[in-house]
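A.B. asks:
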Amino acid sequence: MSLTDLSSVLWRARELLELLLFKLEEEQLLLASNRSRWLAHATREVEVVLDQIRQTEVARAAYAQGVAIELGLNAEASLGELADAAPAPWSDLLHQHRRAFLTLTSEISAIAESNRELLTAGQRAARETMLAFAGTVETYGRQGQTVTGGVRRPSLVDEAI
Numbered sequence: 001m002s003l004t005d006l007s008s009v010l011w012r013a014r015e016l017l018e019l020l021l022f023k024l025e026e027e028q029l030l031l032a033s034n035r036s037r038w039l040a041h042a043t044r045e046v047e048v049v050l051d052q053i054r055q056t057e058v059a060r061a062a063y064a065q066g067v068a069i070e071l072g073l074n075a076e077a078s079l080g081e082l083a084d085a086a087p088a089p090w091s092d093l094l095h096q097h098r099r100a101f102l103t104l105t106s107e108i109s110a111i112a113e114s115n116r117e118l119l120t121a122g123q124r125a126a127r128e129t130m131l132a133f134a135g136t137v138e139t140y141g142r143q144g145q146t147v148t149g150g151v152r153r154p155s156l157v158d159e160a161i
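Residue numbers for the sequence shown follow this note's numbering, so the first one is 1 and each next one is one higher.
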């Protein structure tokens, strides 16, 4: 195992994380514009990228473990520890990879949370609309279970839409 091999797999991982971020942004645009026709395709593309990331992560772990042993570190050393122990110019490059991973991970987490919120809001709106036309109301009972029935409140529907 060499630092060159580790760096190559880290570049591949970064590319995949950037692709995941792009796919999540595509998904977000579909959700925000209420264009659900292509949502299944976008979700499938996200899953494909996640699978590629998992495969790359296995290779990255193997290379990192080999490099850690070569540098006299614990086999489970972090990327930061590898960067600190590596000779120049590898040290700088590994630190750059680490910073990029932290940034990408933060961005991916934020957009994934935003997408979850959009999905939840869309699902809730669809459910409330269906219940309004069905003539029933769902509420919560004393033990927290969903109870159908109850008093239906008057609703105003804009038929022009």
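Note that the Cβ used here is the ideal one computed from N, Cα and C, for glycine as well.
Let me make sure I understand the geometry here. Which of 16, 22, 81 and 91 has the alpha-carbon closest to that of residue 55?
C.D. replies: Taking the sequence shown and counting its residues from 1, the one referred to as residue 55 is at position 55. Considering only alpha carbons, the answer is 16.
A.B. asks: What residue range does the alpha helix (DSSP H) around residue 2 cover?
C.D. replies: Taking the first residue of the sequence shown as 1, we reach residue 2 at position 2. Premise fails: residue 2 is in no alpha helix (DSSP H) and is neither H nor E.
A.B. asks: At what residues does the alpha helix (DSSP H) containing residue 45 begin and finish?
C.D. replies: Looking up residue 45 in the sequence shown gives position 45. Segment 39-70, the alpha helix (DSSP H) holding residue 45.
A.B. asks: Pull up the distance between the alpha-carbon of residue 2 and that of residue 67, whole angstroms please.
C.D. replies: For the purposes of this step, residue 2 is taken as the residue at position 2 of the sequence shown. For the purposes of this step, residue 67 is taken as the residue at position 67 of the sequence shown. Between residue 2 and residue 67, the C-alpha separation is close to 6 Å.
A.B. asks: Would residue 115 be called buried (16 or more neighbouring beta carbons within 10 Å of its own) or exposed?
C.D. replies: Within the sequence shown, residue 115 is the residue found at index 115, counting from 1. With 16 or more Cβ atoms within 10 Å of its Cβ, residue 115 is classed as buried.
A.B. asks: Touch check for the stretch 103-119 and the stretch 11-26: three-plus C-beta pairs under 8 Å?
C.D. replies: yes
A.B. asks: Just curious, the alpha helix (DSSP H) that residue 79 is in, first and last residue?
C.D. replies: For the purposes of this step, residue 79 is identified with residue 79 of the sequence shown, where counting begins at 1. Unbroken alpha helix (DSSP H) run through residue 79: 79-85.
A.B. asks: Within this structure, are the beta carbons of residue 29 and residue 118 separated by less than 8 Å?
C.D. replies: Reading the sequence shown from its first residue, position 29 is the one you call residue 29. Reading the sequence shown from its first residue, position 118 is the one you call residue 118. Remark: C-beta atoms of residue 29 and residue 118 do not approach each other more closely than 8 Å.
A.B. asks: Would you grab the beta carbon distance between residue 69 and residue 75 for me? Rounded to a whole angstrom, and I think it's under 8 Å.
C.D. replies: Residue mapping note: residue 69 aligns to position 69 of the sequence shown, counting from 1. Residue mapping note: residue 75 aligns to position 75 of the sequence shown, counting from 1. Rounded, the Cβ-Cβ distance is 6 Å, consistent with contact.
A.B. asks: Answer yes or no: the CB of residue 64 versus the heavy atoms of the ligand GTP, is any distance below 7 Å?
C.D. replies: Ligands displayed in this structure: none; no statement on the ligand GTP is therefore possible.
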